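In the numbering used here, the protein residues as written are 4 to 163. Every residue gets a Cβ at the ideal spot worked out from N, C-alpha and C, and that includes glycine. All figures in this text were calculated on a predicted structure; none of them were measured in a lab. Notes follow the structure.
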């Protein structure tokens, strides 16, 4: 095995770092706007909350199948929200934008709500009382939609 000496790296100026941070945050925001949640979007959250009411009438087995899908699909949303929230805090410190830190905290709060939502899906899937679980999920989805809307509004005013 032969080792090669790499060429010396260029020094990066503080301006380049700040520009890259701004660009990265703007990209994160722009990717979130059309699809704030990976599997449904903001309006989809509200529609899904309404659909939960219909699932009660469709029978427990059908509702359990839907809950299993929701459980699986919530994981990437949780990972995305948590990652963005963790990234925005140090980025806010570097950029001197406390509003970004607030958005990061909003996203971390949303992450916790998604975790609770996902756990409720699992409980419903495993056999808890379906009607009660669907009612709780309905409330959680509406709460998450409101938080998502608030975070995106705050984020857009910071990034613009």
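DSSP three-state assignment for residue i, whether helix, strand or coil
i	result
residue 47	helix
residue 140	helix
residue 100	coil
residue 62	coil
Pair within 8 Å by beta-carbon distance, residue i and residue j
i	j	result
residue 63	residue 133	yes
residue 128	residue 67	yes
residue 77	residue 121	yes
residue 113	residue 145	no
residue 147	residue 116	yes
residue 157	residue 105	yes
Exposure of residue i, with buried meaning 16 or more beta-carbon neighbours within 10 Å
i	result
residue 96	exposed
residue 22	exposed
residue 161	buried
Where the alpha helix (DSSP H) through residue i begins and ends
i	result
residue 129	Residue 129 -> no alpha helix (DSSP H), and no H or E assigned at all.
Rounded separation between residue i and residue j - CA only
i	j	result
residue 31	residue 87	8 Å
residue 47	residue 92	28 Å
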